[in-house]
Amino acid sequence: MKANIGLIGLAVMGQNLVLNMNDHGFRVAVYNRTLSTVDEFLAGPAKNTQVMGTHSLEELVDSLESPRIVMLMVKAGEVVDQYIGKLLPLLSPGDIIIDGGNSLFTDTTRRTQSLQEKSIHYIGAGVSGGEEGARHGPSIMPGGDKAAWTTVKPILQAISAKVGGHPCCEWVGDNGAGHYVKMVHNGIEYGDMQLISEAYHLLSEGLKLSADEMHDIFAEWNLGVLSSYLIEITANILAYRDENGQPLLEKILDTAGQKGTGKWTGINALELGIPLTLIGEAVFARCLSAQKEERVRAAGLLPKPPRQFNGDRKAMIDAIRDALYAAKIISYAQGFRLMREASEEYGFSLNYGEIALMWRGGCIIRSRFLNDIKQAYDTNPELKNLLLADFFIEAMEKAEAGWRKAVMLGVELGIPTPAMASGLAYYDGYRSERLPANLLQAQRDYFGAHTYERIDRPRGEFFHTDWTGHGGKTASSTYNL
Ligand code: 6PG
Numbered sequence: 003m004k005a006n007i008g009l010i011g012l013a014v015m016g017q018n019l020v021l022n023m024n025d026h027g028f029r030v031a032v033y034n035r036t037l038s039t040v041d042e043f044l045a046g047p048a049k050n051t052q053v054m055g056t057h058s059l060e061e062l063v064d065s066l067e068s069p070r071i072v073m074l075m076v077k078a079g080e081v082v083d084q085y086i087g088k089l090l091p092l093l094s095p096g097d098i099i100i101d102g103g104n105s106l107f108t109d110t111t112r113r114t115q116s117l118q119e120k121s122i123h124y125i126g127a128g129v130s131g132g133e134e135g136a137r138h139g140p141s142i143m144p145g146g147d148k149a150a151w152t153t154v155k156p157i158l159q160a161i162s163a164k165v166g167g168h169p170c171c172e173w174v175g176d177n178g179a180g181h182y183v184k185m186v187h188n189g190i191e192y193g194d195m196q197l198i199s200e201a202y203h204l205l206s207e208g209l210k211l212s213a214d215e216m217h218d219i220f221a222e223w224n225l226g227v228l229s230s231y232l233i234e235i236t237a238n239i240l241a242y243r244d245e246n247g248q249p250l251l252e253k254i255l256d257t258a259g260q261k262g263t264g265k266w267t268g269i270n271a272l273e274l275g276i277p278l279t280l281i282g283e284a285v286f287a288r289c290l291s292a293q294k295e296e297r298v299r300a301a302g303l304l305p306k307p308p309r310q311f312n313g314d315r316k317a318m319i320d321a322i323r324d325a326l327y328a329a330k331i332i333s334y335a336q337g338f339r340l341m342r343e344a345s346e347e348y349g350f351s352l353n354y355g356e357i358a359l360m361w362r363g364g365c366i367i368r369s370r371f372l373n374d375i376k377q378a379y380d381t382n383p384e385l386k387n388l389l390l391a392d393f394f395i396e397a398m399e400k401a402e403a404g405w406r407k408a409v410m411l412g413v414e415l416g417i418p419t420p421a422m423a424s425g426l427a428y429y430d431g432y433r434s435e436r437l438p439a440n441l442l443q444a445q446r447d448y449f450g451a452h453t454y455e456r457i458d459r460p461r462g463e464f465f466h467t468d469w470t471g472h473g474g475k476t477a478s479s480t481y482n483l
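Under this note's numbering, the first residue of the sequence shown is numbered 3, with each subsequent residue one higher.
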């Protein structure tokens, strides 16, 4: 009997997706570059399943029913291109390749288009949820060549997470749309993690709370508006003791790793000219954390304010919760605003409510809050920025005072809150009718004759002033990002 789908790459995510597919009644053929991994998988986790092991790409492709579906779960980058190159001579027109890794969306667009010319359908699918998600239901964000969607939909939707019976997997859009949305998901993941870490920092260093006290706080926060997977695991992490009965968290070296998807999100935001300040700060906070030796040296040389908090602890804990919530709203508002811009720029035709639904279950950023985002887009699909939706206007109103208080605590005690504070700066900027960009424009015109518009003249009319009396009258050409 032929297999329904083939999967290449038996690292933990690949193995778990295979077992998940098997649980849902799909027959999966597997291949891995290190062949012993195939045998070990079949003798171990895949024992007594209908998974078929293969020892060459030819054998893998031959074992598949037509049209063939081959899913790649390999390292993003060149390795994907190498496998596509090896598979091409073995596949027939109408066959489908799915890339389930964290590929750069521009690579996925290139691959989709070049394979389309060869009549091979290509799908770039973001898969989120880590090992656990892959095994029991991840969030899956497929995009690429829509002609293949009806064929792969039953498999991908069956193995995806479900919330209220709704699969956390829907067609995202053409070309690299699926990997684009996964990239933004990861950027938001960076933002959420950084915000939670800042809240932990304020609680531990500012209020001097113990791991047990913080466990209780996060567990309580998980019952309210902040309810989410990342808050839940933070509470669990705080409760975890090492072999000596001490909180393991306190012994973990404070240098963060990263594989690049947060950075890509930031780079793309800069390219599209969309403020994505909170996620940007989250990426840079990881970079700063990695400069451990330099920081240790600086800590010994640069004075810091005394870390003594004398106020009302209960009120400050609530303020930190509000700061976390308000800044989280900013992060999602910026992320969704970026997707709106990208959708137009790259022709993705993204459905924002559907994206919120896809992220509601299975993935790392799953949370109750995504329901509110879905509702905001249901009410107004044209919503330019989440901050303009009634629900979020009200939420910000309630959280604003606490947010400012928490950021001020960090400023006063010298505890860095880059994501919370930059979120607040964006908020204050976004709701400012007038910003000091008039001075920027004057400076640009002063030194470079870059011209400016006037508030007392129609938009689109550009002026140049000879500020010094000895400059020229000629303006430089005008262009806008
Ligand atoms: C997911 C995660 C997953 C992975 C990140 C980690 O959605 O399941 O985002 O893709 O955990 O790649 O990224 P960093 O190593 O950059 O933190």
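Built from N, CA and C at the ideal position, the CB exists for glycine as well.
Under the three-state DSSP convention, the category residue i falls into
i: Cys171; result: strand
i: Met75; result: coil
i: Asp109; result: helix
i: Asp458; result: coil
i: Gly193; result: helix
i: Ser230; result: strand
i: Ser478; result: coil
i: Phe465; result: strand
i: Gly349; result: coil
i: Thr453; result: coil
i: Glu119; result: coil
i: Asn224; result: coil
i: Pro47; result: coil
i: Arg137; result: helix
i: Lys88; result: helix
i: Gly208; result: helix
i: Trp361; result: coil
i: His181; result: helix
i: Gly337; result: helix
i: Ala344; result: helix
i: Ala258; result: coil
i: Leu39; result: Looking at the sequence shown, residue 39 is not Leu but Thr. Thr39 falls in the helix class under three-state DSSP.
i: Pro156; result: helix
Strand pairing of residue i, partner residues [DSSP]
i: Ala127; result: Pro144
i: Pro249; result: Arg243
i: Asp176; result: Gly146
i: Tyr33; result: Ile10
i: Val165; result: His168
i: Leu66; result: Ala5
i: Asn369; result: Reading off the sequence shown, one finds Ser at residue 369, where the question assumed Asn. Ser230.
i: Ile100; result: Met73 and Ile125
i: Met54; result: Ala31
From the options, residue whose alpha carbon lies closest to that of residue i
i: Gly135; options: Val81, Trp173, Asn18 and Asp25; result: Asn18
i: Pro140; options: Thr110, Thr114, Gly103 and Thr152; result: Gly103
i: Phe107; options: Ala179, Pro308, Ile86 and Asp458; result: Ala179
i: Phe311; options: Leu59, Asn34, Ile233 and Gly416; result: Gly416
i: Lys253; options: Gly259, Gln260, Gly262 and Arg243; result: Arg243
i: Ile455; options: Asp447, Phe465 and Arg112; result: The question names Ile, but residue 455 in the sequence shown is Glu. The option with the nearest alpha carbon to Glu455 is Phe465.
i: Gly55; options: Ser38, Pro69 and Ser68; result: Ser38
i: Tyr202; options: Leu66, Ala321, Ser478 and Ala439; result: Ala321
i: Gly189; options: Tyr33, Thr419 and Gly282; result: Gly282
i: Arg309; options: Thr152, Glu463, Ser434 and Leu209; result: Leu209
i: Val30; options: Ile10, Asp147 and Val14; result: Ile10
i: Ala5; options: Trp266, His26 and Arg70; result: Arg70
i: Asp380; options: Ser333, Ile457 and Ala358; result: Ala358
i: Leu158; options: Tyr182, Met185 and Ser130; result: Ser130
i: Ser68; options: Pro95, Met75 and Glu245; result: Pro95
i: Leu93; options: Asp64, Ala160, Ser369 and Asn270; result: Asp64
i: Arg370; options: Thr453, Lys330 and Ala78; result: Lys330
i: Asp458; options: Asn440, His452 and Tyr448; result: Asn440
i: Gly146; options: Ala160, Thr152, Gly175 and Val154; result: Gly175
i: Phe393; options: Asp374, Asn387, Glu222 and Met73; result: Asp374
Checklist entry - Which runs of the alpha helix (DSSP H), 4 residues or longer, sit entirely within the region 261-330? => result Considered as a whole, the region 261-330 harbours 263-274, 279-292 and 294-303 as its complete alpha helix (DSSP H) runs of no fewer than 4 residues, in chain order.
Checklist entry - Is the region 258-271 in contact with the region 396-411, if contact means three or more CB pairs nearer than 8 Å? => result Output reads no: the region 396-411 does not touch the region 258-271.
Next on the checklist: Using 8 Å as the cut-off, can you tell me whether the region 330-349 makes contact with the region 123-135, which would need three or more C-beta pairs spanning the two stretches below that distance?
Outcome noted: At 8 Å Cβ cutoff, the stretches do not touch.
Item to check | Whole alpha helix (DSSP H) elements within the region 372-441, 4-residue minimum | outcome: Restricting attention to alpha helix (DSSP H) runs no shorter than 4 residues, the region 372-441 encloses them at 392-415 and 420-432, ordered along the chain.
Next on the checklist: I'd like to know if the region 293-305 and the region 193-200 are in contact, where contact means that at least 3 CB-CB pairs between them fall below 8 Å.
Outcome noted: The way I'd put it, the region 293-305 doesn't touch the region 193-200; fewer than three beta-carbon pairs between them come closer than 8 Å.
Checklist entry - Just checking, does the region 323-334 make contact with the region 152-172 on the three C-beta pairs under 8 Å criterion? => result They do not touch, by the three-pair rule.
Checklist entry - Does the pairing of the region 460-477 with the region 439-448 give three or more beta-carbon distances under 8 Å? => result By the C-beta criterion, the region 460-477 is judged to be in contact with the region 439-448, since at least 3 inter-stretch pairs fall below 8 Å.
Item to check | the region 109-121 contacting the region 167-175, beta-carbon criterion three pairs below 8 Å | outcome: At 8 Å Cβ cutoff, the stretches do not touch.
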